[in-house]
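Quick notes on the structure that follows.
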Amino acid sequence: MQQNINIKNKRARFDYEILDTYTAGIVLGGTEIKSIRLGKASLSQSFCEFNDRGELFVVNMQIDEYSHGGHYNHKPKAVRKLLLNKRELKKLRREVTTTGLTIIPLNLFINERGLAKINVGLAKGKKLYDKRETIKDRDNKRDLSRIKKNFNN
């Protein structure tokens, strides 16, 4: 009955070095969760930030409008609140303000109880030469596996 929904931010691991990950709940309306269950969401170009009361929000996350929503539909790029423990929020805020790290959404999924969760990562931005090195390593691994496959056959 339940289909597996796992929406990934593919650019996050390429553009950032992930230092730590957290699983957070997300506050959603009725049509938002229905759109996520249909897989109509995107995490590309999204990021997280704190407001002045110490709450964490995800910004620029795209959840398409629900097709049967009518006038009760939600805004696709609304700011959505993330739910974490107070201890985790304090730790994240300290890391962001003191060391200049950023918080990036990694993937959005629905757990076994049917609740939408989002994995966020405490990340440090990669430099251009780090990105080139990542591309080079990926190409080398692909070439090596291709050679092994041809050698075994």
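Using my numbering, you'd call the opening residue of the sequence shown number 909 and step up by one each time.
Built from N, CA and C at the ideal position, the CB exists for glycine as well.
- Message: Along the chain, where does the alpha helix (DSSP H) containing residue 920 start, and where does it finish?
- Response: For the purposes of this step, residue 920 is taken as the residue at position 12 of the sequence shown. Where residue 920 is concerned, the enclosing alpha helix (DSSP H) starts and stops at 920–923.
- What number of angstroms, rounded off, separates the C-alpha of residue 1074 from the C-alpha of residue 1051? Past the boundaries of the shown model lies residue 1074; the chain is included only from 909 to 1061, so the question cannot be answered.
- Message: Below 8 angstroms on the Cβ atoms is my contact criterion, and I expect residue 988 with residue 1004 to pass it. Report the Cβ-Cβ distance as a whole number of Å.
- Response: Here residue 988 is taken as the residue at index 80 of the sequence shown, counted from 1. Here residue 1004 is taken as the residue at index 96 of the sequence shown, counted from 1. That belief does not hold up - the Cβ atoms of residue 988 and residue 1004 are roughly 18 angstroms apart, past 8 angstroms.
- Query: Alpha carbon to alpha carbon, how far is residue 956 from residue 920?
  - Reply: Residue numbering aside, residue 956 sits at position 48 when the sequence shown is read from its first letter. Residue numbering aside, residue 920 sits at position 12 when the sequence shown is read from its first letter. The straight-line gap from Cα to Cα measures roughly 13 angstroms.
- Query: When you compare only the Cα positions, how much space is there between residue 942 and residue 991?
  - Reply: By 1-based counting over the sequence shown, the position of residue 942 is 34. By 1-based counting over the sequence shown, the position of residue 991 is 83. Cα-Cα distance, rounded: 19 angstroms.
- Selection from 1059, 1049, 1038 and 995 that minimises the alpha carbon distance to residue 925: Along the sequence shown, read from residue 1 onward, the residue named residue 925 stands at position 17. Per the Cα distances, 1038.
- Between the segment 1013–1033 and the segment 974–986, do three or more beta carbon pairs fall short of 8 angstroms? Short answer: they don't touch.
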